[in-house]
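Quick notes on the structure that follows.
Residue numbers (our numbering): 915 to 1098.
Quick look at the structure:
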């Protein structure tokens, strides 16, 4: 018998198998007598194991388990362990300590902000004012030159003159004074 089938029979007997495995093993047990006998044996041993109480367990096993569990705990009492147990084992106290720490940090940032004071002398203020006026005058002169260039050169020469010529051609054509023979 394969080990995989044996593992499935054991898990069905102990009640740990999936529904699919339970159904497949029960159908196989109906067909095969050997599987049925194994399933019944493992069910019987599973029932006796589940019914085994604490007092029926041998004392030496209980002592070994107890010793292995207790060997990991620290039995020494010190002030540091007492403080640790007070702070971290009680959630209310831990929350209160955390709240006090957070309030201290927040109040430090709120009340102890360094004030930035920049003192400027009268000469520095006058120099900055003069520089701002010069920069505004420079920007204004550039904008005025650009305005004049756009109005005089671009609009009159490049935009309005071709539009005027095209209107004149349309008017001449509509009046019948077509001097250009290529338009008809």
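All residues carry an ideal CB built from backbone N, CA and C; glycine is no exception.
Bear in mind the structure is a predicted one, so any value in this text is a computation, not a measurement.
Between the options, which lies nearest to residue i when the distance is taken from Cα to Cα?
| i | options | result |
| --- | --- | --- |
| residue 918 | 1042, 933 and 939 | 939 |
| residue 956 | 978, 928, 934 and 944 | 928 |
| residue 949 | 1051, 916 and 1020 | 916 |
Flag residue i as yes if its beta-carbon sits less than 8 Å from any beta-carbon of chain B, otherwise no.
| i | result |
| --- | --- |
| residue 995 | The structure shown contains no chain B; it is built from a single protein chain. |
How far does the alpha helix (DSSP H) with residue i in it reach, from first residue to last?
| i | result |
| --- | --- |
| residue 1005 | 1005–1025 |
| residue 1073 | Looking at the DSSP string, residue 1073 is not in any alpha helix (DSSP H), and its letter there is neither H nor E. |
| residue 1066 | No alpha helix (DSSP H) contains residue 1066, which DSSP labels as neither H nor E. |
| residue 925 | 917–928 |
| residue 1029 | Taken as a continuous stretch (DSSP letters only), residue 1029 belongs to no alpha helix (DSSP H), as it is neither H nor E. |
| residue 938 | 933–945 |
If I measure Cβ to Cβ from residue i and keep anything under 6 Å in the same chain, skipping five residues before and after, which residues do I get?
| i | result |
| --- | --- |
| residue 931 | 925 |
| residue 1081 | none |
| residue 1040 | none |
| residue 1062 | none |
| residue 1144 | Here the chain has residues from 915 to 1098 only, and residue 1144 is not among them. |
Give every residue of the same chain whose Cβ lies closer than 8 Å to the Cβ of residue i, excluding the five residues on either side of it in the sequence, and list them in chain order.
| i | result |
| --- | --- |
| residue 960 | 927, 928 and 929 |
| residue 1079 | none |
| residue 922 | 931, 935, 938 and 939 |
| residue 988 | Residue placement at residue 988 cannot be trusted, given a pLDDT of 49 that sits under 50; what the coordinates show is reported in the next sentence. The residues are 995. |
| residue 1071 | none |
Are the CB atoms of residue i and residue j nearer to each other than 8 Å?
| i | j | result |
| --- | --- | --- |
| residue 953 | residue 943 | yes |
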